[in-house]
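Student: This is the structure I have questions about; it appears just below.
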Amino acid sequence: MASPPSSAPELAAGDRVPVLPLRDVVLFPHVVMPLLVGRPASLAAVDAAGAADKQILLVAQRSADVQEPASADLYRVGVVGRIHQLASLANGATKVLVEGLTRVRVTRYAQAGGTHLRATLAPAPFGDPAATAEARAVVRRVLSLFEEYVSLHRRIPDEVVAMVQGADDETRQAFAVAAHVTVRPEVRQRLLEVPTLAELWAELGELLAAEIELLRLERKIEEDVRGSLVQSQREFYLQEQLKAIHKELGNDDGDDAADLQAAVEAKGLPEPVRVRALREVRKLRRTSPLSPEATVSRNYLDWVLGLPWTERTDDVLDVAHARAVLDADHFGLDDVKDRVLDHIAVMALVGKMSGPVLCLVGPPGVGKTSLGRSVARALGRKFMRVSLGGVRDEAEIRGHRRTYIGSMPGRIVQAMRKAEAVNPVILLDEVDKLGQDYRGDPSAALLEVLDPEQNHAFNDHYLEVDYDLSQVLFVTTANSLAGIPEALRDRMEVIRLAGYLDGEKVAIAERHLIPKQLRLNGLAPDHVSWEPGALQAILRGYTREAGVRELERRLARVARKLARKLAETTPAGLPAAGSLADHAEGPAEGAGSRQADELVVRAADLKSLLGTAPHADDDQRLDDKVGVATGLAYTTVGGETLEIEVSSVAGRGKLQLTGTLGDVMKESAHAAVSYARSRAGALGIDAEFHRVTDLHLHIPAGATPKDGPSAGIAIATAIVSALTGVAVRGDVAMTGEITLRGRVLAIGGLKEKLVAARRAGVSRVIIPAENERELDDVPADVVAALRIHPVSSMDDVLAVALRQPARPDAPGAARAAR
Ligand SMILES: Nc1ncnc2c1ncn2[C@@H]1O[C@H](COP(=O)(O)OP(=O)(O)O)[C@@H](O)[C@H]1O
Ligand SMILES: [Mg+2]
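Under full-length UniProt numbering, residues 1 to 818 are what the sequence shown spells out, in order.
Next up, the structure:
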């Protein structure tokens, strides 16, 4: 497309020239272009032009589809050109080389002899280049844009740039640029119709800038596509190589993904889970087997496949059988077992779980956890224990999202996996020890677990799909109700285990703990005999607890010592078969009977077996003492007796408090002093004692901090005793809140306190009259063994507790000061 210099034709208004309609092409002035002419009208026009000076109008059709364009189908602005060459081709078409000369406007199209169109023209020159610096700057910018455009464009040869820059003048340069920009014909026509040269340059600038943007984008997309193609080809290639290497090494473990897919299909998953799992399989296929993502996917599938979705165990819903199992596992606890059996009976009738979740509440070692296990055994279900002590993070219950490789489902789903069935008994142990902090509230998640309305679609963050917990029997345990969030407590049916009396502990030890510990240590229960009183001595000297945990620990220690003794006395080289009773066989017969004589646990041996007893036998506590009263407390470790000591010395009316006392207990002490002052006369106390006497109240620390108002009457009793010098009966324990005027108010934990009183061996207990009706809940043998005094005033308390009634004329102040 060179542009040989051509002189502009002398064109006058009204000249008529033949019309050569152009399809998809727009010719610009000063541009030479080869054209293929085939349509009859076009050939006629070329012929006519050859006859007349070879000038012809080259004008674009509005639509390339029109075969025989009439005047309305043609634009009104075109270029007059000159035909340089004609060549007839074999197919009847003619190749024409034309050169654009000048822009013209068509005033009229008309038929010429019925063969072709002829146009009447008016000149429409572009005018001369503007001479301003600004115009030149525009030109320079367009030329440099054009250079960039060509460099980005694949089908425009680079020489074009040199050619355009070498053109004679700006006019020719402008048309050369316009001719080379590959844009739609309508756009080219618009360029051709621009009024002046300056405007043409401006148009070209905008057009090129836009086209360059487009080309850049195209380039980028192309590169991206090619880049990703190369990358995936590379990975594919490497994976193939890896497979080949594995095969060569002989550890070709088949197609991982295919195996997993088959496993997913075979597992019988709920539909949404199956879909989710298959999606993960597809993802696994796409990732390199050694990449971290593949590990994440494989772990996930492992979890989905490892969880029970439909597998279940058959329930044994037989109340008689359940009772037998519960009785075999645990001694006593009759009312607890009754409540559990009620639940089982309802399950048998309704066919599913219903009603609130059982919550076993009581001090440590009373058998809450082992009862849960027993319930599972009674129902023929799998048992899982989930310890909630110290769980502060919601994610521990609900799992971590799969954002890192180590993430895992929460404890509930983990337990389900271990259970391998959708209907285990899950014991949520120590719900009262749940924490709560910035990592979310685990109790909220737990609520969802326990709520029958929600737990059929439990949402674990890791699993992402819903998991059905509705078939699980949840049982919870706690040391105290106080630590359980309110919302959770509402969902629970509380069953209290108050703690055991000595007699019960002995029975539990004999029937359960001792046989168990001996067996664990390889000893036959019937080869060890216990001297009467030995067990009692362990209980009193080595344990002080509501449950039997410490007792069991002590018995385990005894069993270990016995096992060692046995090992040392068995002659070397001879198997100690007789001792390993469960599998005692023939030859050791004699040895067995000999050992039965040897292995006797005597009270006198306890010191060598267990060390010095930490608790002195405390019968002496039952002595009458001045200034010492026995209170009853209820703490998280069960009921306890409290020894409250008061001493009075001459001073200035100070009340000193020591021991680990809470604020409420300190207030009780002040209330007790106020009571003593208000009743000083009647009690025979020096009316001025609050000025001339200092009182020192001490409550020995013990293991747990003490608080609460229920020691009020015991404190008051000790104070009155100290001030009057009248001894408090040693066989009396008491509990009750005191008001300033000496009224006695109700307390909590009556059952546990009475059990503790019984355990301590006292024979009388003073309780608030308001609590009297709760006696029905207290084990009957406990109530029967105690003399219980319900009271409503402090005067009543003193009447029972003091050895001799305080006499108004008693020289109390004098004796109190000793
Ligand atoms: N009534 C009972 N009969 C038999 N064994 C008991 C009884 N109460 C507790 N135990 C035993 O005492 C031990 C401690 O019980 P555990 O369930 O751990 O107590 P908790 O969970 O209440 O702290 C266990 O070995 C348990 O079997
Ligand atoms: Mg426990």
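For every residue, glycine included, the Cβ atom is placed at its ideal position computed from N, Cα and C.
Write down every uninterrupted run of the alpha helix (DSSP H) in the stretch 92–168 whose length is 4 residues or greater and which is fully enclosed by it, in chain order.
Tutor: 133–152, 159–165
Student: Please report the straight-line C-alpha distance between ARG652 and ILE738, rounded to a whole angstrom.
Tutor: Looking up residue 652 in the sequence shown gives position 652. Looking up residue 738 in the sequence shown gives position 738. When rounded, the distance between both Cα atoms is 25 Å.
Student: Would you say the beta carbon of ILE508 is closer than 7 Å to some non-hydrogen atom of ligand 1?
Tutor: As a first step, residue 508 is located in the sequence shown; it is residue number 508 there, counting from the start. Indeed, a heavy atom of ligand 1 lies less than 7 Å from the Cβ.
Student: Could you tell me whether the stretch 22–32 touches the stretch 166–175, using the rule of 3 or more Cβ pairs below 8 Å?
Tutor: The stretch 22–32 makes contact with the stretch 166–175; the number of CB pairs closer than 8 Å reaches 3 or more.
Student: If we call anything under 8 Å between Cβ atoms a contact, is VAL361 one with VAL506?
Tutor: Numbered from 1 along the sequence shown, position 361 holds the residue referred to as residue 361. Numbered from 1 along the sequence shown, position 506 holds the residue referred to as residue 506. Not a contact, by the Cβ cut-off of 8 Å.
Student: So does the stretch 368–379 actually touch the stretch 641–659, counting three or more Cβ pairs closer than 8 Å?
Tutor: no
Student: Only counting the same chain, and skipping five residues up and downstream in sequence, which positions put a Cβ closer than 8 Å to that of VAL357?
Tutor: By one-based count along the sequence shown, residue 357 stands at place 357. For VAL357, where only same-chain residues beyond five positions count, the Cβ hits under 8 Å are LEU450, PHE474, VAL475, THR476, ARG491, MET492, GLU493.
Student: In this structure, what does DSSP give as the bridge partners for MET492?
Tutor: Working through the sequence shown from its first residue, we reach residue 492 at position 492. According to DSSP, MET492 bridges with VAL357.
Student: Suppose only complete runs of 4+ residues qualify. What are the alpha helix (DSSP H) ranges in the stretch 220–267, listed by chain order?
Tutor: 256–266
Student: Where does the unbroken beta strand (DSSP E) through ALA785 begin, and where does it stop?
Tutor: The count along the sequence shown starts at 1 and reaches residue 785 at position 785. Counting along the chain, ALA785 falls outside any beta strand (DSSP E), though it belongs to the alpha helix (DSSP H) covering 780–785.
Student: In three-state DSSP terms, what is MET408?
Tutor: Looking up residue 408 in the sequence shown gives position 408. Coil.
Student: Is it right to say VAL17 is buried, meaning 16 or more other beta carbons lie within 10 angstroms of its own, or is it exposed?
Tutor: Counting from one through the sequence shown, the residue named residue 17 turns up at place 17. So VAL17 counts as buried.
Student: Take GLU193 as the anchor and find which of ARG136, GLY78, GLU223, TRP303 has the nearest alpha-carbon.
Tutor: On the sequence shown, position 193 is the one that residue 193 refers to. Closest option to GLU193, Cα to Cα, is GLY78.
Student: For chain D, find out if any of its Cβ atoms is closer than 8 Å to the Cβ of GLU420; answer yes or no.
Tutor: The structure shown contains no chain D, having only a single protein chain.
Student: With three or more C-beta pairs closer than 8 Å as the rule, is the stretch 109–124 touching the stretch 40–60?
Tutor: A contact exists between the stretch 40–60 and the stretch 109–124.
Student: By a C-beta neighbour count over all protein chains shown, 10 Å radius and 16 as the cutoff for buried, is GLY681 buried or exposed?
Tutor: In the sequence shown, counting from the first residue as 1, residue 681 sits at position 681. Flag for GLY681 reads exposed.
Student: Might you give, ordered along the chain, the residues of its own chain that have their beta carbon closer than 8 Å to the beta carbon of GLU448, omitting 5 neighbours on each side?
Tutor: As a first step, residue 448 is located in the sequence shown; it is residue number 448 there, counting from the start. Same-chain partners within the cutoff: GLN454, ASN455, PHE458, ASN459.
Student: By the 10 Å Cβ neighbour count, where 16 or more other Cβ atoms means buried, how is GLY533 classified, buried or exposed?
Tutor: Looking up residue 533 in the sequence shown gives position 533. GLY533 comes out exposed.
Student: Quick check on this structure: which residue in HIS696, GLY38, PRO289 has the alpha carbon closest to the alpha carbon of GLY627?
Tutor: Numbered from its first residue, the sequence shown carries residue 627 at position 627. Among HIS696, GLY38, PRO289, the Cα nearest to that of GLY627 belongs to HIS696.
Student: According to DSSP, what are the bridge partners of ALA733?
Tutor: Translated into the one-based positions of the sequence shown, residue 733 becomes position 733. Answer is THR630, VAL765.
Student: Go ahead and pull the three-state DSSP assignment for ILE719.
Tutor: The count along the sequence shown starts at 1 and reaches residue 719 at position 719. Correct three-state label for ILE719: helix.
Student: In chain order, what residues of the same chain have a beta carbon less than 7 Å from the beta carbon of ARG23, not counting five sequence neighbours either side?
Tutor: Position 23 of the sequence shown, counted from the first residue, corresponds to residue 23. Contacts found: GLN61, ALA64.
Student: I believe ARG82 touches VAL98 by the beta-carbon criterion, under 8 Å. Please report the beta-carbon distance rounded to the nearest angstrom.
Tutor: Residue mapping note: residue 82 aligns to position 82 of the sequence shown, counting from 1. Residue mapping note: residue 98 aligns to position 98 of the sequence shown, counting from 1. Rounded, the Cβ-Cβ distance is 7 Å, consistent with contact.
Student: Quick one: measure Cβ to Cβ for GLN189 and TYR75, integer angstroms, because I've assumed they're closer than 8 Å.
Tutor: Indexing the sequence shown from 1 puts residue 189 at position 189. Indexing the sequence shown from 1 puts residue 75 at position 75. Right, the Cβ-Cβ distance comes to about 6 Å (below 8 Å), so this counts as a contact.
Student: Which residues in the same chain have their Cβ closer than 7 Å to the Cβ of THR313, if we skip the five residues on either side of it in sequence?
Tutor: Walking along the sequence shown from the start, residue 313 turns up at place 313. The residues are GLY380, ARG381, LYS382, ALA421, ASN423.
Student: Count the other CB atoms within 10 Å of the CB of ALA567; is the residue buried (16 or more) or exposed (fewer)?
Tutor: In the sequence shown, the residue the question calls residue 567 occupies position 567. Result: exposed.
Student: Can you check which of these residues, ALA711, GLY638, GLY684, ILE685, is closest to VAL664 by C-alpha distance?
Tutor: For the purposes of this step, residue 664 is taken as residue 664 along the sequence shown, with counting starting at 1. That would be ALA711, whose Cα lies nearest to the Cα of VAL664.
Student: Just the Cα atoms here: how many angstroms apart are LEU36 and THR102?
Tutor: Working through the sequence shown from its first residue, we reach residue 36 at position 36. Working through the sequence shown from its first residue, we reach residue 102 at position 102. Taking the straight line from one Cα to the other gives about 21 Å.
Student: How close, in whole Å, do the beta carbons of GLY435 and ARG398 come, if the pair is a contact with beta carbons under 8 Å?
Tutor: Indexing the sequence shown from 1 puts residue 435 at position 435. Indexing the sequence shown from 1 puts residue 398 at position 398. With 8 Å as the limit, GLY435 and ARG398 do not qualify as a contact, their Cβ atoms being about 15 Å apart.
Student: I need the DSSP call for TRP530, collapsed to helix, strand or coil.
Tutor: As a first step, residue 530 is located in the sequence shown; it is residue number 530 there, counting from the start. DSSP places TRP530 in strand when its eight states are reduced to three.
Student: On the three-state DSSP scale, how would you describe LYS352?
Tutor: Residue mapping note: residue 352 aligns to position 352 of the sequence shown, counting from 1. Of the three classes helix, strand and coil, the one that applies to LYS352 here is coil, per DSSP.
Student: When DSSP labels each residue in this structure, what does ALA60 get in the three-state scheme?
Tutor: By one-based count along the sequence shown, residue 60 stands at place 60. Looking at ALA60 - three-state DSSP - the assignment turns out to be strand.
Student: Going by the beta-carbon positions, is the gap between ILE788 and THR724 smaller than 8 Å?
Tutor: The residue given as residue 788 occupies position 788 in the sequence shown. The residue given as residue 724 occupies position 724 in the sequence shown. No. Outside cutoff.
Student: Check the DSSP bridge columns for TYR467 and list the partner residues they point to.
Tutor: Position 467 of the sequence shown, counted from the first residue, corresponds to residue 467. In the DSSP output, where bridge partners are listed per residue, TYR467 has PHE458.
Student: Measuring from the CB of LYS505, is there a heavy atom of ligand 1 at a distance below 7 Å?
Tutor: As a first step, residue 505 must be located in the sequence shown, where it is residue number 505. No, the Cβ of LYS505 stays beyond 7 Å of every heavy atom of ligand 1.
Student: Just verifying my parser: in three-state terms, what is the DSSP assignment at ASP334?
Tutor: Position 334 of the sequence shown, counted from the start, is the residue given in the question as residue 334. Here ASP334 sits in helix by DSSP.
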